[in-house]
Amino acid sequence: LEGKFKIGRGTRKWLHRQVCQSYLPPRLLKRKKRGFAANVVDGWFRSSLKGELSELLMDENSLMFHLLKPEPVRKLLETHRSRRQDNHKLLFSLVMFEQWLRGTQSNRMQSPSPYALSA
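Each residue of the sequence shown is one higher than the last, beginning at 0 in our numbering.
The structure is reproduced here in structure tokens:
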């Protein structure tokens, strides 16, 4: 969206608020932005770390390990699982980093090089 739709009359999310006027009471539309509850995210993330996310972070073939040492990542995961440290933000960032690397790798393999010779 263009900037003029994002901020109108000094109000952020102006267009969003205009659309929601018909559906939400004014007190909800006028209240300040709130953050997402960290304990909800951490609970979801902790349970997710028991399966697929843990495998992704522990996989020796993860693309992030071309740039990062695996051992510190394993230690972060271990201290988080044992509840000695709350590392959910950092671990979540690592999961997103790995997914981004895989997405860019996949895009490179699918799109031909602009320098490729045609037969």
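Using N, Cα and C, we set each Cβ at its ideal position, and we do this for glycine too.
Three-state secondary structure assigned by DSSP to residue i
i     : result
ARG16 : helix
PHE26 : The displayed chain sequence assigns Arg, not Phe, to residue 26. Helix, per DSSP.
ARG73 : helix
GLN84 : coil
SER61 : coil
Environment of residue i [buried if 16+ CB atoms lie within 10 Å]
i      : result
MET63  : buried
ALA118 : With a pLDDT of 48 at ALA118, under the threshold of 50, the modelled position of this residue cannot be trusted, and the question is left open.
ASN60  : exposed
HIS87  : buried
Beta bridge counterpart(s) of residue i as assigned by DSSP
i      : result
THR103 : BP columns for THR103 are empty, so no partner.
C-alpha gap between residue i and residue j, whole angstroms
i      : j     : result
LEU55  : GLN20 : 43 Å
TYR22  : LEU14 : 14 Å
LEU100 : LEU89 : 16 Å
LYS95  : PRO24 : The sequence shown places Met at residue 95, not Lys. Taking the straight line joining both Cα atoms gives about 36 Å.
Item to check | Validate contact between the region 58-74 and the region 22-32 using beta carbons, cut 8 Å, 3 pairs | outcome: At 8 Å Cβ cutoff, the stretches do not touch.
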